[in-house]
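K.L.:
Per this note's numbering, residue 1452 is the first one in the sequence shown, and the count goes up by one each step.
This is the structure I have questions about; it appears just below.
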Amino acid sequence: MKFFRQITSNWNEEQVAILRQYNIKVDVGIGRFNIYDLSLYKELIPLFKKWEINLDFLGQDFTKKEILSADYCMIKSWNLFGYPMPDNDLGYLYHTYDTKNMCDECGIGKYQIDDFRVIKVPKYPIWGLGWIFDEFFVRTDLYVKIFKPLGVKCRPLRKYKDDSIIDSYVQLVIPVIEEPLDLSTYDIDLCPKCGMTKYNPKPHGYYPLQEHPLPYIYKTKEHFGDGFSSFRRVFVSSYLRDLMIENGMMRFRHFMPCAKSEELCTKNKGMMEWLKAG
Ligand SMILES: [Zn+2]
């Protein structure tokens, strides 16, 4: 794994010329580049500060082998398609979730009590909806082949507005683990209203793993996101990850490898230096 800082800005001619002196090639206009050399990054920080660059984050490249040799992975990215309905005034929220205990500041405290409604479905084997970052919809034949034999439950997906069941896809019902994660290297937001904690969703390095992960697929106890957005991270075991890849549902780069506490420090060697430099 290699760490890098990704820097994005609307570059002007003077900045482009200065960056070129450091062997960084970027064009005038909106653009980004990655810096893999920590000492070079440290050298450039004063410039970035002077230029008031706010889009700067720590990223990492994993090799395919690193991802595929992890016992558990976090689902990092997936195809998004459409929005839950009704989509005006957060209508879907009150139709799909019990919001009695939901905090209207941070969005924590809701739980699903009804099926999602959508206008149409894509052709993807697995996908998620906009705004909802911890629920997945899976082609029904793939659910029956892969998830059902593992005991993963599902629920229907419905068509907006007639509420008919869409036969071609189901929603996975993903259990939530009780055991907390060690997220001590992540920034937190404390909700001023309910006092609940939300973690920065941008991952860095190998992702932490619980000591006793649940089998196959589950969600974290912790919440992530900012503002009113609140979601849980979804983890999968190597067995399910490999099945999803073999069946063309996901690619290896959609996953981020996890490591338990005792291995995390070694695996994320050098990460604290990068984090501190930010
Ligand atoms: Zn709150």
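All C-beta atoms in this analysis are idealised placements derived from N, C-alpha and C, irrespective of residue type, glycine included.
#1: Just the Cα atoms here: how many angstroms apart are K1501 and I1481?
#2: Any chance you could list the residues with Cβ under 6 Å from a heavy atom of ligand 1, keeping chain order?
#3: Grab the span of the alpha helix (DSSP H) containing A1431 for me, first residue to last.
#4: Per DSSP, what are the beta-bridge partners of S1688 in this structure?
#5: The alpha helix (DSSP H) with K1501 in it runs from where to where?
#6: Quick one, which of L1660, K1718, K1561, Y1594 has its alpha-carbon nearest Y1523's?
#7: Quick one: Cα of H1663 to Cα of I1475, how far?
#8: What does a CB cutoff of less than 8 Å around C1605 pick up in its chain, not counting 5 residues either side in sequence?
#9: Which same chain residues end up closer than 6 Å to L1694 when comparing Cβ atoms and leaving out the 5 residues on each side of it in sequence?
#10: Where E1714 and K1561 are concerned, what is the direct C-alpha to C-alpha distance, given to the nearest angstrom?
#11: Do you know whose CA, among H1674, C1557, K1493, W1578, lies nearest P1643's CA?
#12: Measure the beta-carbon distance from M1701 to M1525 and round it to whole angstroms, keeping in mind my assumption that it falls under 8 Å.
#13: What is the DSSP secondary structure of K1571, reduced to helix, strand or coil?
#14: For C1470, which of helix, strand or coil comes out of DSSP?
#15: Mind the definition here: the segment 1667 to 1676 touches the segment 1623 to 1638 only if three or more C-beta pairs lie below 8 Å; say whether that holds.
#16: Looking at C-alpha atoms only, which residue of I1583, L1665, G1656 is the closest neighbour of L1601?
#17: Over what stretch of residues does the beta strand (DSSP E) that includes T1730 continue unbroken?
#18: Helix, strand or coil: how does DSSP classify Y1562 here?
#19: In whole angstroms, give me the CA-to-CA distance for V1569 and G1581.
P.N.:
Taking the geometry as given:
#1: The sequence position of residue 1501 within the sequence shown is 50, counting from 1. The sequence position of residue 1481 within the sequence shown is 30, counting from 1. For K1501 and I1481, the distance between alpha carbons rounds to 18 Å.
#2: Residues flagged by the Cβ proximity filter: C1554, E1556, C1557, I1559, C1642, K1644, C1645, M1647.
#3: The requested residue 1431 does not occur in the structure, where the chain is confined to residues 1452 to 1729.
#4: Counting from 1 along the sequence shown, the entry for residue 1688 is found at position 237. In DSSP, S1688 forms a bridge with Y1523.
#5: Here residue 1501 corresponds to residue number 50 of the sequence shown, with the count starting at 1. Per DSSP, K1501 belongs to the alpha helix (DSSP H) from 1489 to 1501.
#6: Looking up residue 1523 in the sequence shown gives position 72. For Y1523, the closest of L1660, K1718, K1561, Y1594 by C-alpha to C-alpha distance is L1660.
#7: Here the question's residue 1663 lines up with position 212 in the sequence shown. Here the question's residue 1475 lines up with position 24 in the sequence shown. Approximately 44 Å, taken between the alpha carbons.
#8: As a first step, residue 1605 is located in the sequence shown; it is residue number 154 there, counting from the start. Hits under 8 Å: V1589, Y1594, F1598, K1599, V1621, Q1622, L1623, V1624.
#9: The sequence position of residue 1694 within the sequence shown is 243, counting from 1. For L1694, where only same-chain residues beyond five positions count, the Cβ hits under 6 Å are I1597.
#10: Sequence index remark: in the sequence shown, residue 1714 carries index 263 (1-based). Sequence index remark: in the sequence shown, residue 1561 carries index 110 (1-based). Put simply, the backbone Cα of E1714 is about 34 Å away from that of K1561.
#11: The count along the sequence shown starts at 1 and reaches residue 1643 at position 192. Looking at the Cα atoms, C1557 is the closest of the given residues.
#12: Looking up residue 1701 in the sequence shown gives position 250. Looking up residue 1525 in the sequence shown gives position 74. Actually they are not in contact, since the Cβ atoms of M1701 and M1525 sit about 12 Å apart, beyond 8 Å.
#13: Counting from one through the sequence shown, the residue named residue 1571 turns up at place 120. Residue state, collapsed to three classes: coil.
#14: The sequence position of residue 1470 within the sequence shown is 19, counting from 1. First, the amino acid is wrong: residue 1470 is Leu here, not Cys. DSSP places L1470 in the helix class (H, G or I) of the three-state scheme.
#15: Contact holds: three or more Cβ-Cβ distances are below 8 Å.
#16: Within the sequence shown, residue 1601 is the residue found at index 150, counting from 1. Of the candidates I1583, L1665, G1656, the one whose C-alpha sits nearest the C-alpha of L1601 is L1665.
#17: Since the first residue shown for the chain is 1452 and the last is 1729, residue 1730 is missing from the structure and cannot be characterised.
#18: The sequence position of residue 1562 within the sequence shown is 111, counting from 1. Note: Y1562 maps to strand in three-state DSSP.
#19: One-based indexing of the sequence shown puts residue 1569 at position 118. One-based indexing of the sequence shown puts residue 1581 at position 130. Taking the straight line joining both Cα atoms gives about 11 Å.
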